[in-house]
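Add 109 to a position in the sequence shown, counting from 1, and you land on the number used in my numbering.
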Amino acid sequence: MKQNKIKRMVGMALLMALVLVLQAIGGMIPPIGGFSISLVLVPIVIGAAVYGIGAGALLGATFGVIVYINCITGADVGGAMVFNANPILCFLVVMAKGILAGVASGAVYAALKEKNAYFAMLLAAIVCPLVNTGIFVACMLAFFVDVLAAWAGGGEILGYVLTGLIVANMIPEVLINVILSPASARIAKVANK
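This is how it looks when you write it as structure tokens:
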């Protein structure tokens with residue numbers, strides 16, 4: 110029992126470190142449509158699959174904290190604009206999108222893993238970026254329309270959301286997660302033995 114707790118703590122620590130490293134690497138990739146593609150969703154999905162929904166939430170929260178720090182420091186230029194518009198709402202948005210992406214992917218995996226673990230991982234890998242970007246877009250449209258207008262550079266906001274946030278950002282994140290889902294499923298299978 111104690112050995113399982115230690116194994117879980119070490120596994121979670123490694124996944125949290127991976128979230129930190131991947132977010133740092135993601136910050137080095139040139140932004141597409143003003144946003145960097147998030148590589149940290151893969152360890153969030155793996156953690157949610159291996160350790161459960163709560164772990165997905167914790168890893169998503171870790172992601173949210175890193176994103177918020179990047180908003181504060183200006184490392185994420187678009188995020189800094191959101192932070193400057195309303196720091197509290199910015200915090201709530203980045204935390205909600207990360208936590209709920211982890212919870213959703215964990216719930217999908219838990220619901221389907223007994224039927225087919227690979228299919229469960231594939232759907233969890235798809236759901237994570239959909240929830241992450243979906244919540245972000247909904248909150249931006251609800252609370253930060255002026256920031257979206259600035260990002261759109263005078264163009265139509267809806268067009269920017271569709272091309273800049275969905276096509277150029279979310280779809281590549283989904284594709285990365287889908288491509289890595291077989292390896293993620295294998296990791297989850299080995300870790301759950």
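For every residue, glycine included, the Cβ atom is placed at its ideal position computed from N, Cα and C.
Burial state of residue i (16 or more Cβ within 10 Å)
i	result
T242	buried
V71	Outside the displayed range of the chain (110 to 302) lies residue 71, so it cannot be described from this structure.
L271	exposed
S282	With the sequence shown as reference, residue 282 is identified as Glu, and Ser is not the correct amino acid for it. When all chains shown are included, E282 counts as buried.
V130	exposed
A220	exposed
I244	buried
G65	Absent from the model: residue 65. The displayed extent of the chain is 110 to 302, so no value can be given.
K222	buried
G262	exposed
G165	buried
E249	Sequence check: residue 249 is Met here, not Glu. Looking at its Cβ environment, which holds 16 or more other Cβ atoms inside 10 Å, M249 is buried.
L209	buried
L284	exposed
G273	buried
Limits of the alpha helix (DSSP H) - the one that residue i falls within
i	result
N241	A226 to F252
I275	Segment: none, I275 is in no alpha helix (DSSP H) and carries neither H nor E.
K206	P196 to L221
A158	L150 to Y160
G268	I266 to Y269
Through-space distance from residue j to residue i, alpha-carbon basis
i	j	result
V203	V240	12 Å
V276	Q112	45 Å
I197	I181	11 Å
S290	G187	29 Å
W260	A247	16 Å
M279	P238	6 Å
F200	N301	34 Å
A126	G156	12 Å
V299	A258	47 Å
A122	I266	40 Å
M230	L167	19 Å
A189	A233	30 Å
G183	A158	33 Å
V256	I115	44 Å
D337	F228	Any answer about residue 337 is impossible in this case: the structure gives the chain only from 110 up to 302.
V191	I162	29 Å
Beta-carbon separation (whole angstroms), residue i vs residue j, contact threshold 8 Å
i	j	result
V176	G207	7 Å
F252	N179	Between N179 and F252 the Cβ distance is about 19 Å, and since that is not below 8 Å, they are no contact.
V151	S293	6 Å
N193	I235	About 33 Å separates the two Cβ atoms, so there is no contact after all.
I296	S214	In fact, because the Cβ distance is near 14 Å, the residues do not count as touching under 8 Å.
F172	V128	5 Å
Cutoff 8 Å: residue i Cβ touching any chain C Cβ
i	result
Y269	Any reference to chain C falls outside this structure, which holds one protein chain only.
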